[in-house]
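Going down the list, the protein sequences come from chains A and B.
Positions 12 to 155 (the working numbering) are the ones given, in order, by the first sequence.
Positions 29 to 677 (the working numbering) are the ones given, in order, by the second sequence.
In what follows, a single structure is set out as structure tokens and then discussed.
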Amino acid sequence: MIKFFLMVNKQGQTRLAKYYEHVEINKRTVLETEVIKSCLSRSNEQCSFIEFKDFKLICRRYAALLIVVGVNDTENEMAIYEFIHNFVEVLDEYFSRVSELDIMFNLDKVHIILDEMVLNGCIVETNRARILAPLLILDKMSES
Amino acid sequence: MCRDLATEVEKLLLQPGSYVRKKAVLTAVHMIRKVPELSNIFLPPCAQLLHERHHGILLGTVTLITELCERSPAALKHFRKVVPQLVQILQTLVTTGYSVEHSISGVSDPFLQVQILRLLRILGRNHEESSEVMNDLLAQVATNTDTSRNAGNAVLFETVLTIMDIRSAAGLRVLAVNILGRFLLNNDKNIRYVALTSLLRMVQSDHSAVQRHRPTVVECLREPDASLSRRALELSLALVNSSNVRAMTQELQSFLESCLPDLRADCASGILLAAERFAPTKRWHIDTILRVLTTAGTHVRDDAVANLTQLIGGAQELHAYSVRRLYSALAEDISQQPLVQVAAWCIGEYGDLLLEGGCEETEPLQVEEEKVLALLEKVLQSHMSLPATRGYALTALMKLSTRLRGDNNRIRQVVSIYGSCVDVELQQRAVEYNTLFRKYDHMRAAILEKMPLVERGGTPDEEAKESKEAQLSEAALVPTEPQASKLLDLLDLLDGTFEAAQPPPALEPSPGGTLVHLLDLPCASPAPASIPDLRVFEREGLQLNLSFVRPPGTPALLLITVTAVNTSGADVTHFVCQAAVPKSFHLQLQAPSGDTVPAQGGLPVTQLLRILNPNKAPLRLKLRLTYNHFGQSVQEIFEVNNLPMETWQ
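Below, the structure written as structure tokens:
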């Protein structure tokens, strides 16, 4: 089960945070700083899977952004690693060459996409077309 | 809320719109997590949902079934029937060619594959039938998956985990281990990490298969990456056995020197444990522990010191060798506390061997007495030493007073300096040793003899233990100075078997639990067991009475209260009562209430004797009294006759 999904930039600012298990607001910042500290210190050649307290962290770096997913023990780390890449590809298709600014200015859309893909900690949809279908309908409605 | 909406969700599961169904399935998963009793509602639709073609729904359904099976064994049995269906789905996934919708870098819907494999793992665990059905499929998946991309590796990893968990055929297990071996050799760190994790899980069941990959695992130890080295460390420790222990310990020790601080403690305790289980020779064992203590002394567990002292004590032929090694290690560095403690103990015990010279196994080391004493003093004075370490050093100095041939002035000086130390423990020891020098010098040699071998797990005490002569066990002397009586109370607490004159608090490996009963007894007056009192002595108005109590809880214990009453006209001063019992008894004297028995029947002096009689032998008691009365000093020794039978039966 996925516990949380974070997107952080290199300076340590959180661009997107989604928690699938309830964590209190004030504890969130503490958690995020700790997680970011352990992930940012990794270089590219090192392992992407880190053990942190009682769950595992899978991080993947894309240019300026770092995506960190926290899972519990039962998940397959490599599958989650693939999932992160899948997510980025979906974003890429929707925003056509996504960058950090796109995410910052369209946070609601990114959340909708993430909600389509992960429901309550379980991966539910990985097909790009199906994920983006509701969003495209919404866009069409708002235009007209 | 879940209970109310459960039926609604069930209806939605069968709705025509696939979008809705997809969401409904995962809502059901959430409901089951919150309210496990609702699982009955969701059992029937699952089988139907498996026929779906929409991968999203399939994914959700498989998750739902997984959740159901994890929660209830009944559901598990129910779903074993769908194993063939799952196998079918997976097969189509694997064998279909490129499908635009679902393929991720050449693998068709790896997420669904991974989920199905996980479900198959849960269904096949401990169940022969289902495992058989899955065997072919797993072999097919394992061989056909493209491993050049990460997605393929993910599927392969899950397959390996599944093969390990179910009752698979032997050939399949070999295949799994080979796949893991290939993963280990891969350059990608992620894959290596994953391989190390799964090998760790397998090491219990397929030990020999994992042993084949030992060289690669050891190589992973040298990785700079923290996660990898931690996993490699755990796996290496699990792989140590009697044939490879020397090589592995070598590797692990070099790892210990270079690894991160948080891994050091684990590594050190792992090495010590492995050395204990598989040590080929005692000398190698001592060497290994010594090396670990010098490199990572501060990170070892507390009982490492005790273990090492016990080990050295047991290895008679290696005394000279170990004391030399420890001395040179100590001379170099006195900051590692466990090392210093062991070295101090050893030098104290075997100091004479150290000075003799001429040990074949190490280079000839000419050590002088002065240097040894200087080193121990340095340890005592160093601010890095813990109080426990100082205790060890002081006791070692004391022991050396009998072992060394020179005169003891230097030692006596140091000991008297510490008689006014701020640390209470140290002060107490120093005062006791001082008194040992001054008043009981004739006993010093006997008390400070070499220790007998301590049984493993005897006493947890870290104080120095000293051996006693046999003859001391017969007499029990009551100390006269008040400070000494405090010592005696302390000795009671410390479960001292006998008290000689101010010996340092000493413990012997107690003969089983009988003495523990002694400590467990409350010090308040025990329940009366109605044995008549006995008057044992009378002279010129001074009477001595004994009263007996046998506490019901401990059959071997006898409490005697000695009461001295003075009916004459003059006080009795400096009254001291001492007692002796035969060898098989244990006697403890508590401090008397005073040493003056006032005249004219004033407040009597009482003293409590505790006698333990485990063998139920007939009790014989000899008393010795010394006092001043009417200006004369009197000494009386007599045996107490006609002791009632109830006192010892």
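Beta carbons are placed, not taken as given, at the ideal position from N, Cα and C, and that holds for glycine.
This structure is a prediction, so every number in the text was calculated from the model and none was measured.
Go through its chain and collect everything with a Cβ distance to residue i's Cβ below 8 Å, but skip five positions before and after it.
i: B:E667; result: R648, L649, K650 and L651
i: B:T94; result: Q143, R146, L147 and I150
i: B:E384; result: A348
i: A:F63; result: E45, V46, S49 and G81
i: B:T634; result: T589, V590, T591, A592, P620 and S621
Give the range of the beta strand (DSSP E) segment to which residue i is assigned.
i: A:M156; result: In this structure chain A extends from 12 to 155, so residue 156 of chain A is not present and cannot be described.
i: A:I61; result: F60 to F63
i: B:L42; result: Note, B:L42: premise wrong, no beta strand (DSSP E); not H, not E.
i: B:N708; result: Outside the shown range of chain B (29 to 677) lies residue 708 of chain B, about which nothing can therefore be said.
i: A:H96; result: Where A:H96 is concerned, there is no enclosing beta strand (DSSP E), although the alpha helix (DSSP H) it sits in stretches over E88 to F106.
i: A:G81; result: L76 to V82
i: B:K650; result: L649 to H657
i: B:Q441; result: Where B:Q441 is concerned, there is no enclosing beta strand (DSSP E), although the alpha helix (DSSP H) it sits in stretches over N437 to I445.
i: B:H614; result: H614 to L617
i: B:L574; result: L570 to V577
i: B:L432; result: Segment: none, B:L432 is in no beta strand (DSSP E) and carries neither H nor E.
Which same chain residues, not among the five before or five after residue i, have their C-beta less than 6 Å away from its C-beta?
i: A:E32; result: K14
i: B:E397; result: L432 and G434
i: B:Q365; result: L414 and T417
i: B:N462; result: V443, S444 and G447
i: A:S153; result: none
i: B:V251; result: The amino acid occupying residue 251 of chain B in the given sequence is Glu; Val does not appear at that position. S257, listed in sequence order.
i: A:A28; result: L17
i: B:V63; result: C30
i: B:F465; result: R440
i: B:A302; result: V268
i: B:D451; result: P415
i: A:K21; result: A75
Within a Cβ cutoff of 7 Å, which residues of the same chain sit near residue i, ignoring the five residues on either side of it in sequence?
i: B:T430; result: R472, A473 and L476
i: B:P646; result: W676
i: B:Q113; result: L78
i: B:I60; result: L66, S67, F70, E95, L96 and R99
Given that a residue counts as buried once 16 or more other Cβ atoms are within 10 Å of its Cβ, and exposed if not, what is residue i?
i: B:Q116; result: exposed
i: B:V368; result: buried
i: B:L671; result: buried
i: A:T85; result: exposed
i: A:R7; result: This structure cannot settle anything about residue 7 of chain A, because the visible part of chain A is limited to 12 through 155.
i: B:V459; result: buried
i: B:D137; result: buried
i: B:S196; result: buried
i: B:V57; result: buried
i: A:I78; result: buried
i: B:L180; result: Note that residue 180 of chain B corresponds to Gly in the displayed sequence, not to Leu. With 16 or more other Cβ atoms within 10 Å, it is buried.
i: A:N138; result: buried
i: B:Q232; result: exposed
i: B:G597; result: exposed
i: B:E304; result: exposed
i: A:S52; result: exposed
Could you pull the start and end residues of the alpha helix (DSSP H) that residue i belongs to?
i: B:N641; result: Careful: B:N641 lies outside any alpha helix (DSSP H) and carries neither H nor E.
i: B:R210; result: A198 to L213
i: B:E163; result: With the sequence shown as reference, residue 163 of chain B is identified as Asn, and Glu is not the correct amino acid for it. Counting along the chain, the alpha helix (DSSP H) containing B:N163 begins and ends at E156 to N172.
i: B:S286; result: V273 to S286
i: B:H106; result: P101 to F107
i: B:A75; result: S67 to L77
i: B:T187; result: N178 to D193
i: B:V248; result: Inspection of the sequence shows that residue 248 of chain B is occupied by Cys rather than by Val. Unbroken alpha helix (DSSP H) run through B:C248: R242 to L249.
i: A:R71; result: Not the alpha helix (DSSP H): A:R71 falls in the beta strand (DSSP E), residues F66 to Y73.
i: B:I317; result: K310 to A324
i: B:H235; result: H235 to Q239
i: B:Q456; result: V452 to R466
i: B:H602; result: Per DSSP, B:H602 belongs to no alpha helix (DSSP H); it is in the beta strand (DSSP E), V600 to A608.
i: B:Q141; result: P138 to G152
i: A:E43; result: I36 to L51
Examine the ligand NAP and report whether any of its heavy atoms sits within less than 8 Å of the Cβ of residue i.
i: A:T25; result: Although the ligand NAP was asked about, the structure shown includes no ligands whatsoever.
### Message
Does the contact criterion of 3 or more C-beta pairs under 8 Å hold for the region 226–246 of chain B versus the region 197–212 of chain B?
### Response
yes
(request) Taking 8 Å as the threshold, find out whether the region 97–109 of chain A comes into contact with the region 29–47 of chain B through three or more Cβ pairs. (result) With a cut-off of 8 Å, the region 29–47 of chain B and the region 97–109 of chain A do not count as touching, because too few Cβ pairs lie within range.
Problem set entry | Minimum length 4: unbroken alpha helix (DSSP H) runs contained in the region 335–416 of chain B | 347–360, 365–384 and 397–409
Whether or not the region 93–102 of chain A and the region 45–64 of chain B are in contact is what I'm after, with contact meaning three or more pairs of Cβ atoms, one per stretch, closer than 8 Å; do they touch? no
Query raised in the report: Going along the chain, which unbroken runs of the alpha helix (DSSP H) with 4 or more residues stay wholly within the region 118–154 of chain A?
Result: Uninterrupted alpha helix (DSSP H) stretches at least 4 residues long and entirely within the region 118–154 of chain A occur at 118–128 and 139–154, given in chain order.
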